[in-house]
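Peer 1:
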Amino acid sequence: MRNPWTRTGNYKTSYAQDTTIFATYSEQASLVVFLIGMLVLPRFLSRGDMQILDLILIYALAVLGLNIITGYAGLINIGHAAFLGVGAYTAALVAPYLPFWLVLPVAGLVAAVAGAVVGIPALRIKHLYLAIATLAFQLIFEWAVGHSPALEQGGAMAMPRVVFLGYKVGFKNHHYFWYYVTFVVLVIMAFGFRNLLRTRFGRSLVAVRDNDRAADAMGMDPGRTKVFAFALGAFYAGVAGALYAYWSRAVVIEDYSLMISIKFLAMAIVGGLGTLVGSFFGPAFLELLDINMETFSYWIKEIYNPPGVDVGSAIRPLAFGLAIVLFLIFEPRGLANWWRLLRSYFRNWPFKY
Amino acid sequence: MKNKWTLWALAAVLAMGFAAAEKVHIMWSGAITGPTSDAGKYYAQGIEDYCSWANDTGYVAGVEFVCETRDDQYNNANTLRNFEEAVDRGDPVFLGYSTGGTLQLKPLVQEVGVPFIPASYHIGNIDPPDNDYIFLPIASYSEQVIAVLEYIAKVSPGAKVAMAIHPSPFGRAPVEDAKKAAQDLGIEIVEVQEMAKGLDYTATLKRFENKGVDYIVYQNVAGPVANMIKDAKRLGLKIKHAGAHYAGGPDLLRLAGDAAEGFLWVTAYYMPHEDNAAAKFVKELGAKYGRPADTIESVHYPSGMLAAGIAIEAIKEAKDAGKKISAQSVYQALLQMNWPNKLAVGPVTYSKDDHVGVDQLRVLEAKNGTFEPVTEPFSSALFRKVHYGK
Numbered sequence: 195m196r197n198p199w200t201r202t203g204n205y206k207t208s209y210a211q212d213t214t215i216f217a218t219y220s221e222q223a224s225l226v227v228f229l230i231g232m233l234v235l236p237r238f239l240s241r242g243d244m245q246i247l248d249l250i251l252i253y254a255l256a257v258l259g260l261n262i263i264t265g266y267a268g269l270i271n272i273g274h275a276a277f278l279g280v281g282a283y284t285a286a287l288v289a290p291y292l293p294f295w296l297v298l299p300v301a302g303l304v305a306a307v308a309g310a311v312v313g314i315p316a317l318r319i320k321h322l323y324l325a326i327a328t329l330a331f332q333l334i335f336e337w338a339v340g341h342s343p344a345l346e347q348g349g350a351m352a353m354p355r356v357v358f359l360g361y362k363v364g365f366k367n368h369h370y371f372w373y374y375v376t377f378v379v380l381v382i383m384a385f386g387f388r389n390l391l392r393t394r395f396g397r398s399l400v401a402v403r404d405n406d407r408a409a410d411a412m413g414m415d416p417g418r419t420k421v422f423a424f425a426l427g428a429f430y431a432g433v434a435g436a437l438y439a440y441w442s443r444a445v446v447i448e449d450y451s452l453m454i455s456i457k458f459l460a461m462a463i464v465g466g467l468g469t470l471v472g473s474f475f476g477p478a479f480l481e482l483l484d485i486n487m488e489t490f491s492y493w494i495k496e497i498y499n500p501p502g503v504d505v506g507s508a509i510r511p512l513a514f515g516l517a518i519v520l521f522l523i524f525e526p527r528g529l530a531n532w533w534r535l536l537r538s539y540f541r542n543w544p545f546k547y
Numbered sequence: 008m009k010n011k012w013t014l015w016a017l018a019a020v021l022a023m024g025f026a027a028a029e030k031v032h033i034m035w036s037g038a039i040t041g042p043t044s045d046a047g048k049y050y051a052q053g054i055e056d057y058c059s060w061a062n063d064t065g066y067v068a069g070v071e072f073v074c075e076t077r078d079d080q081y082n083n084a085n086t087l088r089n090f091e092e093a094v095d096r097g098d099p100v101f102l103g104y105s106t107g108g109t110l111q112l113k114p115l116v117q118e119v120g121v122p123f124i125p126a127s128y129h130i131g132n133i134d135p136p137d138n139d140y141i142f143l144p145i146a147s148y149s150e151q152v153i154a155v156l157e158y159i160a161k162v163s164p165g166a167k168v169a170m171a172i173h174p175s176p177f178g179r180a181p182v183e184d185a186k187k188a189a190q191d192l193g194i195e196i197v198e199v200q201e202m203a204k205g206l207d208y209t210a211t212l213k214r215f216e217n218k219g220v221d222y223i224v225y226q227n228v229a230g231p232v233a234n235m236i237k238d239a240k241r242l243g244l245k246i247k248h249a250g251a252h253y254a255g256g257p258d259l260l261r262l263a264g265d266a267a268e269g270f271l272w273v274t275a276y277y278m279p280h281e282d283n284a285a286a287k288f289v290k291e292l293g294a295k296y297g298r299p300a301d302t303i304e305s306v307h308y309p310s311g312m313l314a315a316g317i318a319i320e321a322i323k324e325a326k327d328a329g330k331k332i333s334a335q336s337v338y339q340a341l342l343q344m345n346w347p348n349k350l351a352v353g354p355v356t357y358s359k360d361d362h363v364g365v366d367q368l369r370v371l372e373a374k375n376g377t378f379e380p381v382t383e384p385f386s387s388a389l390f391r392k393v394h395y396g397k
C-alpha cells in the first residue's frame with residue numbers, strides 16, 4: 195500500500211500520479227519548512243550577508259531562465275546577460291512612472307519580446323551557429339546601449355527609491371526589502387519552472403532538445419518551440435534584470451556584459467543543467483566560492499606576498515576556472531546530481547525495502 | 008615610596024596603552040585582477056605604500072591607518088559589496104576605481120554621505136546629480152583632452168584631429184566637450200572612432216590618412232593605443248598621436264616601444280625619472296616597501312599614492328581641527344583642502360563647487376623611451392567654458 199508520507203517503492207498507477215510535483219507529504223512538508231526557514235533567515239543575517247544572499251537569489255532567477263533555454267530546450271545561449279540587461283534598462287526607463295511590482299513583469303515582457311526575436315534564427319539554425327547568433331545579440335545589445343543617449347550610453351541610470359505600503363526603502367533596509375521581494379518572485383517563478391515540464395510546451399522543449407526531427411515527426415513544431423524557449427527564458431532574465439537594477443540602485447552596461455553571460459553558463463553547468471535545484475546551487479556555489487576565495491587570498495597575502503607577484507589576487511580567478519573545469523570533468527551533471535544522490539540515500543535509509 | 012612611583016609608572020604605561028592610536032580604516036576597491044588590472048595593481052600598491060608610510064612616520068598623530076585594497080575584478084557588484092562593508096564599518100572615506108562602479112554608486116554615495124575618491128577621472132562622476140561626495144584627485148578626462156587640444160592648436164594651428172576612444176562612458180565622456188573646444192580653437196575634429204578590441208587598425212588609420220588627419224587624440228587605455236600607434240608606424244603614416252592620462256605613460260612605452268616616440272601625453276603626475284621631490288619620494292617608498300622597478304616606473308603607482316594621500320590629508324585636517332574622525336568631518340575637511348602635495352604638478356584644492364583636486368596639467372612627449380615635459384603646468388583655458396558654460 196502506498197504510504198503518503200514516505201516513498202518506499204513505485205506505486206504509481208496513473209499518468210497523473212507520475213507527473214505530480216510532490217510524490218509524498220513529507221516532500222511538501224519539507225518544502226514548507228524550507229520556505230518558512232527562508233522567510234525568517236534575514237533575522238539571523240547581517241546587512242552584508244543579505245547583500246550576498248540577494249545577489250544569489252537574483253542570479254538564481256536568471257539561471258532558471260537560462261535553464262529553460264539551454265537546459266530544457268538544449269539551445270546554447272551566450273547572450274543571457276543581454277536579456278538581463280534588456281530587463282534592467284526597461285526597468286530604468288519605466289520605474290519613475292510605475293510601482294516596482296508592475297515594473298518587474300513589464301521588464302520581463304520586454305525581455306521576452308527580445309528573446310523571441312533572438313530565437314527567430316533558431317527556426318533555421320542550431321548548435322554552434324545558434325550560439326554565435328546569441329553572441330551576436332549580446333554584442334549588438336552592448337553596442338546599442340553604448341550608442342543610445344536615452345540609455346546614458348551605458349553610463350549609470352539611477353533607479354528611484356521605492357516606497358511600498360508606506361515603507362520607505364533606504365540604505366539600512368535596502369537588502370532586507372529586496373530579499374523578500376526577490377524571494378517571493380523566485381518562489382512563484384520556480385513553481386512555474388517546475389510546472390513547465392508538466393505542460394505540453396514543456397514536454398515539447400525536452401523532446402526538441404533530445405531529437406528535433408523525432409519531435410517534428412510526432413507533431414511538434416521545433417521552430418516555434420525554440421522561439422518559445424527563448425521568449426520564456428528571456429522573461430525570467432528580464433525579471434531578474436529589473437530586480438538587479440533595483441538591488442544595485444543603478445543600471446550600468448558593465449553588469450550585463452559578455453563576461454556575465456559566461457558566468458551564468460558556468461552557474462548553470464556547476465549547478466546542473468536543466469534542473470530546478472541546480473539553478474540555486476550554481477549561483478550559490480560560485481558566489482560563495484568567490485567570496486571565500488577573496489578572504490583566502492587576503493590571508494595568503496598576509497603570510498606570503500613576494501614583491502612583484504600578486505599570488506593572493508590570482509587565486510580568485512584561478513578558483514573560478516578550476517571549479518568549472520573540475521565540474522566538467524568529474525561531475526558534468528553538476529551539484530544537482532549530488533543533491534539527487536543525497537536524497538536517494540535518505541529515501542532508502544534505513545532499509546525501506 | 009618607591010612602590011608608589013612604580014605604580015604611577017605602571018598606570019602611565021597602561022594609560023598610554025589604552026590611549027593607543029585610533030585605528031582608521033580606509034578601503035580601496037578596484038581591479039587587481041580582470042579588466043584594467045594592468046593599472047589597478049599598481050594603483051593598489053601605491054595606496055598600500057602611502058598608508059604604510061603614513062603609519063611608519065606617524066604622519067597623523069594618534070591615528071593608525073588600516074588600509075585595505077580589495078580586488079573587485081572590475082565587477083560592480085563586488086564594488087558595491089565592498090563599499091557597503093566600508094560604510095557599515097564607519098569608514099570616513101572610500102577609495103574607488105572604475106567609471107562604471109563609481110557611476111553606479113553615485114546615488115548610494117550621496118545617500119550615505121561618505122566621501123568617495125575614484126581612480127576614474129570621468130567628468131560624469133562629479134557632474135550633477137548626486138555629486139556632493141565624489142572628489143576627483145586630478146583634472147577630468149574631458150579637461151585633459153581639451154588641454155591637449157589647446158596644445159595642438161598652439162603648435163599646429165588649424166590641425167585636423169581624429170579621436171580614438173574607448174567604447175564606454177569612460178571613452179565617450181570628453182567627445183562633446185572636445186568638439187566644442189575644437190571650434191573655439193580653430194581646429195577640426197574630423198572623426199570620432201570607437202576602438203574595437205582589434206589587433207589591426209589598418210583600415211581605420213588609412214581612413215584617417217585619407218581625411219588628412221594630423222593628430223589622433225586617444226581617450227583609452229594603453230593597450231589598444233599601443234596597437235594603433237604600432238600600426239601607424241608600420242604603415243609609415245605621418246600622423247602624430249596624443250592622449251589623456253590612461254592612454255599614455257610608461258605602460259605605453261613598454262607596450263609600443265619606439266612606435267611611441269613623439270606621443271603627446273597629458274597628465275597631472277610627475278614622472279619617476281624627473282629630478283624633483285615627487286620622483287624622490289616615489290622611488291624611496293618603492294624601495295622601502297620592496298616594490299619592483301615596473302611598479303616604481305608606472306604612473307599608476309603615484310596615482311594610488313595621491314588618492315590615499317588625499318584621504319589621509321583630509322583625516323589629518325579633521326583631526327587637527329579637533330573633530331572626531333567621521334565621514335562628515337572628513338567631508339568638511341575635503342571641502343576646505345589646499346594641500347601642496349609632492350606627487351602632482353599642482354596643489355590638491357577642493358571647494359563646495361569644485362571637486363577637482365589638482366587643476367593643473369602638463370603635456371609630456373615621448374623622447375628616447377621616456378616622457379619629457381614639453382609644457383609647464385597649466386590649467387585648460389576652455390574646459391569650464393565648454394563644459395559648464397562659464
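Residue numbers (our numbering), protein chains in the order written: chain R, 195 to 547; chain L, 8 to 397.
Glycine included, every Cβ here is placed at the ideal spot set by N, Cα and C.
1) Kindly indicate if chain L contains any beta-carbon less than 8 Å away from that of residue 195 (chain R).
2) So, is the C-beta of residue 458 (chain R) closer than 8 Å to a C-beta in chain L?
3) Buried or exposed: which applies to residue 210 (chain L), given that a residue is buried once 16 or more other Cβ atoms fall within 10 Å of its Cβ?
4) Against chain R, which members of the region 262–295 of chain L pass a CB distance test of less than 8 Å?
5) I want to verify the contact list: residues of chain L whose CB lies under 7 Å from the CB of residue 446 (chain R), in sequence order.
6) Does residue 416 (chain L) pass the burial test, meaning 16 or more other C-beta atoms within 10 Å, or should it be called exposed?
7) Show which residues of chain R have a CB atom less than 7 Å away from the CB atom of residue 389 (chain L).
8) For the ligand NAP, I want to know if residue 514 (chain R) counts as a neighbour, meaning its beta carbon is within less than 7 Å of at least one of the ligand's heavy atoms.
9) Under 8 Å between C-beta atoms, does residue 92 (chain L) make it to chain R?
10) Would you say residue 507 (chain R) lies against chain L (beta-carbon separation less than 8 Å)?
11) Cα-Cα, which of L:337, L:326, L:367, L:219 is closest to residue 140 (chain L)?
12) Taking residue 216 (chain R) as the reference, which of R:198, R:424, R:412, R:376 has the closest Cα?
13) Note the first and the last residue of the continuous alpha helix (DSSP H) segment covering residue 304 (chain L).
14) Below 8 Å on the Cβ atoms is my contact criterion, and I expect residue 103 (chain L) with residue 163 (chain L) to pass it. Report the Cβ-Cβ distance as a whole number of Å.
15) Run down chain R in chain order and give the residues with a C-beta less than 9 Å from the C-beta of residue 176 (chain L).
16) Please decide whether residue 153 (chain L) counts as near chain R, where near means a Cβ-Cβ distance under 8 Å.
17) Mind checking whether residue 309 (chain R) and residue 478 (chain R) have CB atoms under 8 Å apart?
18) Apart from the five residues just before and just after residue 245 (chain R), which ones in its own chain have a Cβ nearer than 7 Å to its Cβ?
19) Return the residue from the list R:498, R:521, R:494, R:397 that minimises the CA-CA distance to residue 510 (chain R).
20) Do you know whose CA, among L:215, L:41, L:190, L:235, lies nearest residue 207 (chain L)'s CA?
21) I'd like to know if the region 302–319 of chain R and the region 417–437 of chain R are in contact, where contact means that at least 3 CB-CB pairs between them fall below 8 Å.
22) Below 7 Å CB to CB, which residues in the same chain sit around residue 397 (chain R) once its five sequence neighbours on both sides are set aside?
23) Using Cβ-Cβ distances below 9 Å, what residues of the region 111–131 of chain L are close to chain R?
24) Where does residue 53 (chain L) fall in DSSP's three states?
25) Could you check how far apart the C-beta atoms of residue 67 (chain L) and residue 317 (chain L) are, in whole angstroms? I think they sit under 8 Å.
26) Start and end of the alpha helix (DSSP H) containing residue 196 (chain L)?
27) Determine, using beta carbons only, whether residue 241 (chain R) and residue 95 (chain L) come nearer to each other than 8 Å.
28) Of the choices R:468, R:531, R:523, R:536, whose alpha-carbon is the least far from that of residue 265 (chain R)?
29) Per the contact definition of three or more C-beta pairs closer than 8 Å, is the region 455–466 of chain R in contact with the region 257–272 of chain R?
30) Compare the C-beta of residue 211 (chain L) with all C-beta atoms of chain R and state if any pair is closer than 8 Å.
31) Pick helix, strand or coil for residue 6 (chain L), following the three-state DSSP scheme.
32) List, in order along the chain, the chain L residues whose C-beta lies closer than 7 Å to that of residue 237 (chain R)?
33) Tell me which residues share the same chain as residue 228 (chain L) and place their Cβ nearer than 8 Å to its Cβ, disregarding the 5 neighbours each side in the sequence.
34) For residue 298 (chain R), name the three-state secondary structure that DSSP assigns.
35) Comparing alpha-carbon positions, which option in L:319, L:383, L:117, L:392 lies nearest residue 32 (chain L)?
36) DSSP state of residue 206 (chain L), grouped into three classes?
Peer 2: Walking through what the data contain:
1) Legend: pLDDT at residue 195 (chain R) = 47, less than 50; position of this residue unreliable, no value from coordinates given.
2) No, residue 458 (chain R) lies away from the interface with chain L (no Cβ there is under 8 Å from its Cβ).
3) exposed
4) None of the residues of the region 262–295 of chain L has a beta carbon lying less than 8 Å from any beta carbon of chain R.
5) 83, 107, 110, 111
6) Given a span of 8 to 397 for chain L in the structure shown, any question on residue 416 (chain L) remains unanswerable.
7) Per Cβ cutoff of 7 Å: no residues; residue 389 (chain L) is ~23 Å from chain R at best.
8) Questions concerning the ligand NAP fall outside what the structure shown contains, since it holds no ligand whatsoever.
9) yes
10) For residue 507 (chain R), the answer is yes, since a Cβ of chain L falls inside 8 Å of its Cβ.
11) Checked all of L:337, L:326, L:367, L:219; the closest Cα to residue 140 (chain L) is L:337.
12) Closest option to residue 216 (chain R), judged by alpha-carbon separation, among R:198, R:424, R:412, R:376: R:198.
13) 300–304
14) Not quite, the Cβ-Cβ distance comes to about 37 Å (not below 8 Å), so this is no contact.
15) 340, 346, 347, 348, 349, 350, 446, 447
16) no
17) Taking a C-beta distance under 8 Å as the contact criterion, residue 309 (chain R) and residue 478 (chain R) do not qualify as a contact pair.
18) 369
19) R:494
20) L:235
21) Inter-segment contact for the region 302–319 of chain R and the region 417–437 of chain R is present: three or more beta-carbon pairs are separated by less than 8 Å.
22) 391
23) 111, 112, 113, 114, 115, 118, 119, 129, 131
24) helix
25) The pair is not a contact, with the Cβ atoms about 13 Å apart (cut-off 8 Å).
26) Taken as a continuous stretch (DSSP letters only), residue 196 (chain L) belongs to no alpha helix (DSSP H), being part of the beta strand (DSSP E) at 195–201.
27) Contact flag set, yes.
28) R:468
29) yes
30) Residue contact with chain R for residue 211 (chain L): absent (no Cβ-Cβ distance below 8 Å to any residue of chain R).
31) Nothing can be reported for residue 6 (chain L), as the shown portion of chain L is limited to 8 through 397.
32) The contacting residues do not exist; residue 237 (chain R) stays about 18 Å from chain L at best.
33) Cβ within range, chain order: 43, 45, 46, 173, 253, 254.
34) helix
35) The shortest C-alpha separation from residue 32 (chain L) is found at L:319.
36) coil
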